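Quick notes on the structure that follows.
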Amino acid sequence: SPVTATERAQSASTAGDEERVVVPDIKPIDNKPAYNMKLIAAIVLGDSMHNLADGMFIAASFQGCDPALALTIVAVTLVHEFAQELGDFVLLTRHGGLSIVNALVLNFASGLSVVLGGVLFLALNPRDESVGIILAIAAGVYVNIAATEALPRIETIVKTRWDRIWTLFGIILGTIPIGLVLLNHEHC
Numbered sequence: 144s145p146v147t148a149t150e151r152a153q154s155a156s157t158a159g160d161e162e163r164v165v166v167p168d169i170k171p172i173d174n175k176p177a178y179n180m181k182l183i184a185a186i187v188l189g190d191s192m193h194n195l196a197d198g199m200f201i202a203a204s205f206q207g208c209d210p211a212l213a214l215t216i217v218a219v220t221l222v223h224e225f226a227q228e229l230g231d232f233v234l235l236t237r238h239g240g241l242s243i244v245n246a247l248v249l250n251f252a253s254g255l256s257v258v259l260g261g262v263l264f265l266a267l268n269p270r271d272e273s274v275g276i277i278l279a280i281a282a283g284v285y286v287n288i289a290a291t292e293a294l295p296r297i298e299t300i301v302k303t304r305w306d307r308i309w310t311l312f313g314i315i316l317g318t319i320p321i322g323l324v325l326l327n328h329e330h331c
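For what it's worth, this note's numbering labels the leading residue of the sequence shown as 144, then goes sequentially.
What follows is the structure in structure tokens.
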């Protein structure tokens with residue numbers, strides 16, 4: 144295997160008074176980029192479960208609610224998903240080690256689970272308790288990712304009071320669509 148610059152420098156320092164020459168590292172051909180598979184898996188699984196639940200929620204609204212409320216739920220879900228998918232993309236590329244194309248493909252693939260959720264809901268016609276459990280699991284996965292992956296990374300880059308204010312503003316902005324649905328919330 145190729146010798147790195149660090150190894151060359153170490154061997155030169157142990158050889159005595161020889162002249163030190165630092166050469167850039169030579170990477171092996173089979174060197175693959177380092178991926179944070181734990182983070183990637185958590186994001187893709189969490190996003191898939193979240194989108195599956197969104198699909199079920201949207202299908203439930205069309206099945207049991209009036210069309211105006213169902214369309215409102217779809218609109219709010221789309222606004223909420225834009226911010227959430229953008230956040231997933233940033234985490235997958237900056238901290239997961241994925242290329243832009245791979246992050247987009249995984250984001251798109253996990254987004255397809257919204258269709259699966261709608262189809263499953265309509266095919267299975269589950270009870271309210273089952274839908275509640277699925278929604279709770281999807282929400283729990285995202286709370287876990289936010290608490291263990293996103294917030295600690297944000298804390299490392301927050302330097303000033305304004306950084307903290309902008310961070311808080313972003314969190315509030317992300318929760319507004321969810322809160323808007325609750326203003327006129329009725330069970331169908």
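Built from N, CA and C at the ideal position, the CB exists for glycine as well. Here the structure is a predicted model, which is why all the values come from computation and not from measurement.
Notebook entry, point to check: Where does Arg237 sit, in a helix, a strand or coil, going by DSSP?
Noted result: helix
Checklist line | Nearest candidate by alpha-carbon position, reference Pro320, set Phe225, Lys181 and Val233 | finding: Phe225
Checklist line | Lys181 - containing alpha helix (DSSP H), residue span | finding: Looking at the DSSP string, the run of the alpha helix (DSSP H) that includes Lys181 is Met180 to Gly207.
Next item on the list: Put Leu229 into one of helix, strand or coil per three-state DSSP.
Entry: Three-state result, Leu229: helix.
Next item on the list: Measure the CB-CB distance between Ser253 and Asn179 and report whether it falls below 9 Å.
Entry: Result no, Cβ atoms of Ser253 and Asn179 do not sit closer than 9 Å.
Next item on the list: Count the CB pairs spanning the region 202-210 and the region 254-264 that are closer than 8 Å, and state whether there are at least three.
Entry: yes
Next item on the list: Let me know the secondary structure DSSP gives Pro320 once reduced to three states.
Entry: helix
Next item on the list: If I'm right that Ile183 touches Leu235 with Cβ under 8 Å, what's the distance once you round it to whole angstroms?
Entry: With a contact defined as Cβ atoms closer than 8 Å, Ile183 and Leu235 qualify at about 6 Å.
Margin query: How far does the alpha helix (DSSP H) with Arg296 in it extend, from its first residue to its last?
Written below: In the DSSP annotation of this structure, the continuous segment of the alpha helix (DSSP H) that includes Arg296 starts and ends at Leu294 to Ile300.
Notebook entry, point to check: How would you label Ile243, buried or exposed, when you count the other beta carbons within 10 angstroms and need 16 or more for buried?
Noted result: Answer is exposed; the Cβ neighbour count stays below 16.
Margin query: With a threshold of 8 Å (Cβ to nearest heavy atom), would Ala196 be considered close to the ligand FMN?
Written below: Ligands are entirely absent from the displayed structure, and the ligand FMN is therefore not among its contents.
Note to self: Suppose you measure from the CA of Cys208 to the CA of Asn268; what does that come to, to the nearest Å?
What the structure shows: 15 Å
Check: Can you round the beta-carbon distance between Gly198 and Val258 to whole angstroms, since I take them to be within the 8 Å contact cut?
Finding: 6 Å
Note to self: Rounded to whole angstroms, what is the Cα-Cα separation between Val286 and Leu247?
What the structure shows: 22 Å
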